[in-house]
Structure formats: structure tokens, C-alpha cells
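Here is the structure we will look at, set down as C-alpha cells.
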Amino acid sequence: DAGVIQSPRHEVTEMGQEVTLRCKPISGHNSLFWYRQTMMRGLELLIYFNNNVPIDDSGMPEDRFSAKMPNASFSTLKIQPSEPRDSAVYFCASSLGMGQGFNEQFFGPGTRLTVL
Amino acid sequence: AQSVTQLGSHVSVSEGALVLLRCNYSSSVPPYLFWYVQYPNQGLQLLLKYTTGATLVKGINGFEAEFKKSETSFHLTKPSAHMSDAAEYFCAVGVQGAQKLVFGQGTRLTINP
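Just so you know, the protein sequences line up as chains A and B, in that order. Just so you know, the working numbering puts 879 at position 82 of the first sequence, and the rest follows in order with no gaps. Just so you know, the working numbering puts 68 at position 54 of the second sequence, and the rest follows in order with no gaps.
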């Protein structure tokens with residue numbers, strides 16, 4: 798299994814530009830999570846999906862951020878327009894559903910975003 | 015609401031010494047507890063988890079953690095540190111029914127030769 802795949806691994810852009818981060822979850826996993834990691838705020842959950850449906854987006858910082866999951870094997874996190882304070886490492890994670898108990902989340906390698 | 019506090023943002027130990035990373039949680043219901051490790055420029059990898067049952071949990075790379083309900087703690091230990099253990103370690107609590115993880119701020123572990 799290839800694990801969670803994220804692209805790009807690094808992104809440098811200028812303030813005001815649109816940024817799209819991509820994630821391919823582990824095949825068969827039906828929950829997908831987007832996290833942001835910064836020195837100041839640590840690891841924050843932005844949004845998560847179950848069976849392609851957004852369940853909780855309360856962590857999305859503002860309207861400039863949006864996330865979609867058009868199918869079980871692909872998700873995007875978009876920032877438009879980007880700002881320097883969006884600079885962070887963005888992680889995607891996936892897990893097996895929302896059944897009983899709590900399922901392990903598998904993390905991708907992250908996308909390091911720098912907004913100049 | 016669940017929360018996690020990791021005591022000590024930086025811990026430094028000598029190679030071969032005991033590693034102890036502290037984690038306290040707050041949860042109104044029985045918690046699911048996790049330790050993840052993050053090596054430089056990599057994603058997070060699960061070290062171990064507590065769900066139910068035995069309170070002493072063994073994980074990968076010789077790490078273990080003990081769930082102590084009376085102390086609301088889930089400290090991570092390893093008897094003998096290795097240089098390859100240098101990384102950042104995150105404690106997390108699972109939000110029941112929601113599959114959400116709430117992470118602590120992380121502890122950076124440095125191993126001195």
C-alpha cells in the first residue's frame with residue numbers, strides 16, 4: 798500500500814494567489830482529515846469527511862479556505878486568496894470510517910506551504 | 015470537550031537513558047489515547063494507542079505508555095534511548111463518536127551521545 802499521498806510536497810506562492818493542495822487517501826478508507834501544523838498553534842484539525850461528505854468544518858479558519866472530496870480517492874484543500882499567515886505544513890490523514898471504537902488515522906507526508 | 019497537555023516542549027536525554035514524555039488529558043468520557051511520532055520533514059506515525067482493556071500499552075520501537083485514570087495521564091516511556099529516537103512526539107485524545115483527534119503541543123526529544 799502506498800499510504801496517504803499528498804501533492805505537492807512543497808509550494809511557494811505569492812500573497813493573493815490561489816493554492817490547491819491535493820490528497821489521495823489509502824484505498825478502502827472512508828474518512829479523510831485535513832490538518833494544519835504551525836509553530837504557534839501546533840496541529841489543528843481543519844475539516845474531516847466521512848464517505849465523501851464533510852462532517853465537521855469548524856476548524857476551517859475563514860472563507861478563504863475550502864475543501865472538497867469529489868470521490869473516495871481524492872480530496873482538495875484550496876486557499877483563495879492566500880496570505881502569509883497561511884504558511885504552514887498541511888497534512889492529510891485517512892482512516893477506516895466511523896464505526897464503533899476509534900480507528901487509527903494514517904498521515905501523509907504533508908505539504909509545506911510558504912506564502913510570500 | 016477533550017484536551018491534551020504535554021508537559022515540556024523539549025526533553026533531552028543521554029543515549030541509553032530512560033525516556034519519559036508526559037501527557038495529561040481532559041475528557042468527560044472514557045478516552046481513546048494515542049502517541050504519534052514525527053521525524054523531521056515527515057508525517058505523523060502512530061507509536062501506540064489505548065482504547066480499552068490493559069492499561070499498559072506497548073508500541074513500536076520499544077515505547078510503552080500507561081493509562082492512569084486517577085491521574086488523567088498517559089505518559090510515554092522507553093527504558094533506553096537510542097539516537098534514532100530523536101523526533102517530535104505528540105499525544106492525542108480521540109473524540110468519541112466523531113473520529114476527531116485533539117493533539118497536544120508536542121515534545122521535541124533530543125538524544126545526546
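We put the CB at the ideal spot given by N, CA and C, even for glycine.
C-beta atoms of residue i and residue j nearer than 9 angstroms
| i | j | result |
| --- | --- | --- |
| C820(A) | I802(A) | yes |
| D853(A) | A112(B) | yes |
| V18(B) | T91(B) | no |
| W49(B) | F88(B) | yes |
| S892(A) | H807(A) | no |
| G57(B) | G839(A) | no |
| G108(B) | L60(B) | no |
| S828(A) | N900(A) | yes |
| I74(B) | D99(B) | no |
| G856(A) | E880(A) | no |
In DSSP terms, what residue i is bridged to
| i | result |
| --- | --- |
| L90(B) | L35(B) and A79(B) |
| T66(B) | None; T66(B) has no bridge partner. |
| L874(A) | L818(A) and A864(A) |
| I74(B) | Per DSSP, none; premise fails for I74(B). |
| A24(B) | For the sequence presented, residue 24(B) should be read as His rather than Ala. H24(B) pairs with R122(B). |
| F888(A) | Y832(A) |
| N847(A) | S828(A) and V850(A) |
| F903(A) | S891(A) |
Residue i - containing beta strand (DSSP E), residue span
| i | result |
| --- | --- |
| G108(B) | A101 to V109 |
| D854(A) | Looking at the DSSP string, D854(A) is not in any beta strand (DSSP E), and its letter there is neither H nor E. |
| A112(B) | No beta strand (DSSP E) holds A112(B); DSSP gives it neither H nor E. |
| Y50(B) | Y46 to Q52 |
| V912(A) | T908 to V912 |
Simplified DSSP assignment, three categories, for residue i
| i | result |
| --- | --- |
| R819(A) | strand |
| S804(A) | strand |
| R838(A) | coil |
| S879(A) | coil |
| S98(B) | helix |
| S824(A) | coil |
| Q17(B) | Note that residue 17(B) corresponds to Ser in the displayed sequence, not to Gln. Strand at S17(B). |
| S84(B) | helix |
| S40(B) | strand |
| Q59(B) | strand |
Note down, in chain order, all residues in the stretch 104-127 of chain B with a beta-carbon under 9 angstroms from any beta-carbon belonging to chain A.
F104, A106, G108, V109, Q110, G111, A112, Q113, K114, L115, V116, F117, G118, Q119 and G120
Note down, in chain order, all residues in the stretch 57-72 of chain B with a beta-carbon under 9 angstroms from any beta-carbon belonging to chain A.
G57, L58, Q59, L60, K63, T65 and T66
Interface residues of the stretch 31-50 of chain B facing chain A [CB-CB below 7 angstroms]:
Y46
Can you pull out the residues from the stretch 901-913 of chain A whose beta carbon lies closer than 7 angstroms to at least one beta carbon of chain B?
E901, Q902, F904, G905, P906 and G907
Give the residues from the stretch 845-864 of chain A that approach chain B closer than 8 angstroms (Cβ to any Cβ), ordered along the chain.
Y845, N847, I852 and D853
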